[in-house]
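Numbering (the working numbering), first residue to last: 222 to 1128.
All C-beta atoms, glycine included, are put in the ideal place defined by N, C-alpha and C.
If you're wondering where the values come from, they're calculated on a predicted model, not measured in any experiment.
Report on one structure; see the data block that follows.
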């Protein structure tokens, strides 16, 4: 048979465009031959190929009647019949087939083992055409590769994309912008569809959801998507059954179909009646794309949810809700479990495994990890643009587990409406278990509120799994990660979650007063909470916020020690000035911090009374001191807590007379981030001191504090100059003498009550001398500490803090900004955000500016953009406030140049 003499007859008026396909190596069995004929005809027919060459080793093979392999669809047999004149089965030697392959447009390597050995290996190197691996036993993506080879051979792709883009824009115009989109998948929880109302949003269904007729009738999907090469577009009986079900559903329901573009022409050749309602989306965007109206292509992923459903949902709607996305149970052996009515029978599953045996040789753990990570990345990106995501039912997928909002909303409303004199909502994104002070802080305030007939309800981190009443899982990110902008965190997500909480409180329409408070706040949280409060249609919820997480930034602000100083000054100053207008009262939790906020940001803050989160026993003034005296250093393995000073002291102690007078007790708690240097310090400490290993239970912590005679707090000045500490509070409450670093919050308390001795920051010798003095005069300092204890307990109590929060929220004369006032506040807040963003960008640019000449074109362009963005908000009150910190802004020359230029332009 001469190369190129045969033409396809499926459409005699259409010229052959698909070129010449050659399968290598030669075939030596009828079963293998008929497999190749069926698959080639099924996948390549729409191309109208010029020729499909399959070489055989025995003349009798080419004369045998074609027999369709039992696992394949009849559509393949019909394609073989239509391409009879194109399918060129010939007896040929290996060398002869290799020579034919040299002239081919496309080479299909159907036997990976033979094709990479001996003369075939050398021959393949000489073949200019790409060799596609379609060995169904060794090439896992064999079904997809047939389709990809045909797609790349087609000359109709550009036309298909243009056609699809036009249909897509028409579809978006028809559907309009939606508030909600419901994404339906095939997991077991899809059976709960009858418990939800889908009439208020866009509905996107995927895959075999179409099998459940009752579900389709109840949800009436607007769009149906599917994207699997073997399950939906393949040559098996399973795939044919899916397409049959799709046609039946399409006859009953008016949905549009969206698929990846590489399947588009093949799919339309199989199902021409669905052509007018099918859209093929190009795949291959450089980054995640959630707006297909702007850029008609999607980012490559290997799951239909992330490939099509989420991008489609975000393009058309603001809030996406997921049902049937159960994820993979830890004991599932397949990808994941399917719903009873949304899966083809087991016999079809066996069929597709027979048709594509290598496809199921997959590391399910790796696939699932990749899928869940991609979904989380998409959610992060979507939340930045104010999209929200939530699961309507329980899901094993971590990204959805953390966003099961509907259940949380219902629980929060229930908690808010529980009968009480008042309710205080604790905004506690760091609470995820009972360990640590986050749980006990709220617990002690809850007890104090109950004595007044009130309640404290906590919205906690989504990782919370406890069963205690009054705690609702809500937030995704911890407060400290949000402040540092750790990878994976999102300030926009916190704002959206905060707004959802505030709206829920408003919607609850509680019969009693409701306020809120945030203990671990910062300038970042303040800005986001103000933005969330601005979005409410009702009066802003009164909120009391302690700037617990802004201590370091404010200290750096005073010391000029950080390049983030101007950013902090701007955000704290501007947002702090706006807070009262939106019913937000800002607090500081130490006198030193309040003083710095006044001098650095021009804000006068009230004091947030500190109290011990530990349920301490009554003061025991009759307890006798230990012999030798027990010196307890409760700080963890951290340089900032002076752990190295404790270790050095233990070694000095071992050689001194003081060793007979005291017993040194310290801790060694290792975490994932504990470095080798700190571990070596712990090893040294064990030689000379009693070391408490691991985390302490609440009871053990209290026992150690009670049994101690002297508490050693060598925390370094820079991180603890203004920052509070529960350890010093507990020590004073228990009447213990203390040795602490001078000019820290702990040191100030020691000096105020004269209950111990302070020493110079980081000075080990001075610390040893201070300890020696307290040991020598222990009776005197113990008396001073016992006298201070009741005073401190009265000043620093949950009841006192509860009163401060209550007065700032429940008893607040609420402000309700006018529409014009809201607009002004938005402008000011926008300015604060924009200026902070420009400061950050300028800080990075200054590094470049110092290395590059000022005439650098990129920097000139960047300067123009910065100038335009700042100019846009220069009339706001916030801009006028920023002029007050122009000296601070001088620390970033690049931005300061722009601000000076703006100032000159108005004079």
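Secondary-structure assignment with DSSP links residue 403 through a beta bridge to 424 and 542. Shortest Cα-Cα distance from residue 1015 to any of 919, 832 and 920 involves 832. Distances from the alpha-carbon of residue 317 to those of 755, 508 and 246 put 246 closest. Within its own chain, the residues whose Cβ lies closer than 8 Å to the Cβ of residue 806, once the five positions on either side in sequence are excluded, are 763, 764, 765, 766, 800, 827, 1029, 1030 and 1033, listed in chain order. Per DSSP, residue 323 lies in no beta strand (DSSP E); the unbroken alpha helix (DSSP H) holding it starts and ends at 315-323. Within the segment 846-887, the beta strand (DSSP E) runs of at least 3 residues that lie entirely inside it are, in chain order, 850-854.
Only residues of its own chain outside the window of five on either side were considered, and among them 267, 375, 377 and 381 have a CB closer than 7 Å to the CB of residue 486, listed in chain order.
Secondary structure at residue 694: strand, using DSSP grouped into helix, strand and coil. Residue pairing from DSSP leaves residue 572 without any beta-bridge partner.
The C-beta distance from residue 869 to residue 937 rounds to 14 Å, too long to fall under 8 Å, and the pair is not in contact. In this structure residue 282 is in contact with residue 248, their Cβ atoms being roughly 7 Å apart against a cut-off of 8 Å. The beta-bridge partner set that DSSP reports for residue 520 consists of 506.
The residue among 481, 433 and 988 with its C-alpha nearest the C-alpha of residue 873 is 988. Judged by beta-carbon spacing, residue 676 lies within the 8 Å limit of residue 691, meaning their Cβ atoms are closer than that value.
Spatial neighbours of residue 277 in its own chain (CB-CB distance under 8 Å, excluding positions within 5 residues in sequence) are listed in chain order as 247, 248, 249, 254, 283, 310, 311, 312 and 313. Contact between residue 871 and residue 910 holds: CB atoms are separated by about 5 Å, below the 8 Å threshold.
By the 16-neighbour rule on beta-carbons within 10 angstroms, residue 743 is buried.
When Cβ pairs closer than 8 Å are counted between the two stretches, the segment 321-333 is seen not to touch the segment 282-302, the count staying below three.
In the three-state DSSP reduction, residue 244 falls in the strand class (E or B). Exclusion of the five residues before and after residue 651 leaves 659, 682, 699, 700 and 741 as the residues of its chain whose Cβ lies within less than 7 Å of its Cβ.
DSSP places residue 909 in no alpha helix (DSSP H); its state is neither H nor E. Residues of the same chain with a CB within less than 7 Å of the CB of residue 510, apart from the 5 flanking positions on each side, are 516, 518, 519, 520 and 532 in chain order.
With respect to the C-alpha of residue 649, the residue from 696, 573 and 815 having the closest C-alpha is 696. Assignment of beta-bridge partners to residue 804 by DSSP yields no partner. The segment 718-726 makes contact with the segment 751-761; the number of CB pairs closer than 8 Å reaches 3 or more. Of the residues assessed, residue 524 falls on the buried side of the cut-off, its CB having 16 or more other CB atoms within 10 angstroms. Residue 536 and residue 528 do not touch by the CB rule: their CB atoms are close to 13 Å apart, not below 8 Å. Under the DSSP assignment, residue 1026 falls in the alpha helix (DSSP H) whose first and last residues are 1019-1029. Inter-segment contact for the segment 882-901 and the segment 806-823 is absent: fewer than three beta-carbon pairs are separated by less than 8 Å.
Here the alpha carbons of residue 1019 and residue 986 stand approximately 38 Å from one another.
Around residue 454, the same chain offers 368, 460, 484, 487 and 488 as residues with beta carbons nearer than 7 Å, after the five sequence neighbours per side are excluded. In the displayed model, residue 833 falls within coil according to three-state DSSP, outside both helix and strand. If you compare the alpha carbons of 825, 965 and 928 with that of residue 946, the shortest gap goes to 965. In the structure shown, residue 602 falls within a helical segment according to DSSP collapsed to helix, strand and coil. For the pair residue 978 and residue 996, the CB atoms are not nearer than the 8 Å cut-off.
Remark: C-beta atoms of residue 867 and residue 906 approach each other more closely than 8 Å.
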